[in-house]
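For reference, the structure discussed in these notes is given below.
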Amino acid sequence: MTSSTNYRSYLYVPAHKAAVVEKAYASDADAIVLDLEDAVPATHKAAAREAAAAILAAGPAKPTYVRVNPYSSPWCRDDVAAIALPALKALRLPKCDAPQEIREVAAWLDALGSAAGIQILIESAYGVETAYQLATASPRLERIGLGESDLRADLQIGADNFTLEVCRARCVVAARAAGLAGPIQTVYHTLTDLDGLRESTLRAKSMGFVGRFAIHPSQVPVINEVFTPSADEIEAAERILDALDAAAGASSASSVFVLPDGRVVAPPLIANARVTLALAGNLRSNGVLS
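Per the UniProt record's numbering, the sequence shown starts with residue 1, numbered consecutively.
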């Protein structure tokens, strides 16, 4: 399993549109996803691939991911070969249904000497049914997630359908059962509905999603707000770890202990506290939190 940094917001941008790419890197997004797939017509695939490689070679100002074309497409292997550069955080493999696809892409990265991780998008009912097998397919795999537009089409359901909520829950469970980081929520397509974006993102966070993809810079502040640990959350996490340190030095040291306010703290709460403080530390290092 490849380790994965949690960022709050990931902004998709078509790799072949230089002006849009420039605006993306100037945005408040924590990370950028250069898109070679849905946002790029077939006639521009080569140009987008070359542009993504040039951006990575130049040393981008933000953590950068690349969504390549599906394994079954005629472009995937060329995409991987072009972007397997040191600045690549991970590639995103869409429409992934089979563990063998992940292992093949991992083998390509091995041959190229790349340390990049792999993230997959599950976009079919079959993929949801095999989510755990996909999540455990390769040590290079660092994260799974849903591509909800295609998934809804496959399931023949509308947006925010209960069946889609079930798929989201199964994605979270499969990821955590496989020892992966929590998934990142898919994009919210209604650009002008920021209240709806906030409500949807809060719901995703409550389900175990740890960040969200955006398709426009205007969505980023809302996503960042939802996934930024509050002062109270940071303080609570610090109290838990301080109490853990104190308990470790006691003669009756235990993996379970009680805080001064009476709350019982077990290992899962300790793990969550560490995740919160790791994110807060990352945000402080980037000047987002004081």
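All C-beta atoms, glycine included, are put in the ideal place defined by N, C-alpha and C.
Next item on the list: Can you check the stretch 59-138 for any alpha helix (DSSP H) of at least 4 residues that lies completely inside it and give the ranges in chain order?
Entry: 76-83, 99-112, 125-129 and 131-135
Check: Taking the alpha-carbon positions, what's the aspartate 154 to glutamate 123 distance?
Finding: 8 Å
Check: In chain order, what residues of the same chain have a beta carbon less than 7 Å from the beta carbon of serine 251, not counting five sequence neighbours either side?
Finding: Here serine 251 scores only 48 on pLDDT, less than 50, and its place in the model should not be relied on; the value that follows carries that caveat. Contacts found: none.
Margin query: For tyrosine 132, which residues in the same chain have their Cβ closer than 7 Å to its Cβ, ignoring the five residues on either side in sequence?
Written below: Ala174, Ala177 and Ala178
Notebook entry, point to check: According to the neighbour-count rule (16 or more other Cβ atoms, all chains shown, within 10 Å of its Cβ), is aspartate 35 buried or exposed?
Noted result: buried
Notebook entry, point to check: From threonine 192 to alanine 246, what does the alpha carbon distance come to, in whole angstroms?
Noted result: 49 Å
Next item on the list: Return helix, strand or coil for arginine 212, following the three-state DSSP convention.
Entry: strand
Notebook entry, point to check: So, using beta-carbon positions, are residue 352 and isoleucine 32 closer together than 8 Å?
Noted result: Coverage of the chain is limited to positions 1 through 290, which leaves residue 352 absent and any answer about it impossible.
Notebook entry, point to check: In terms of DSSP beta bridges, what is leucine 141 paired with?
Noted result: Ile118
Notebook entry, point to check: Out of Pro183, Ser200, Leu180 and Gly182, which has the shortest C-alpha to C-alpha gap to histidine 189?
Noted result: Ser200
Note to self: As an exercise, report each continuous alpha helix (DSSP H) stretch of at least 4 residues that is fully enclosed by the stretch 168-222, in chain order.
What the structure shows: 194-207
Margin query: In whole angstroms, give me the CA-to-CA distance for proline 229 and glycine 281.
Written below: 10 Å
Check: Which residue's Cα is closest to the Cα of valine 265: Ile240, Leu289 and Gly287?
Finding: Ile240
Margin query: In the DSSP output, what is leucine 11 paired with across the bridge?
Written below: Ile32 and Ala214
Check: Rounded to a whole number of angstroms, what is the C-alpha to C-alpha distance between histidine 16 and glutamate 22?
Finding: 11 Å
Item checked: Exposed unless 16 or more other CB atoms sit within 10 angstroms - verdict on asparagine 69 -> buried
Item checked: serine 9 vs arginine 212 beta-carbon contact at 8 Å -> yes
Next item on the list: Tell me whether the beta-carbon of asparagine 6 lies closer than 8 Å to the beta-carbon of alanine 116.
Entry: no
Next item on the list: If I'm right that aspartate 79 touches arginine 49 with Cβ under 8 Å, what's the distance once you round it to whole angstroms?
Entry: 6 Å
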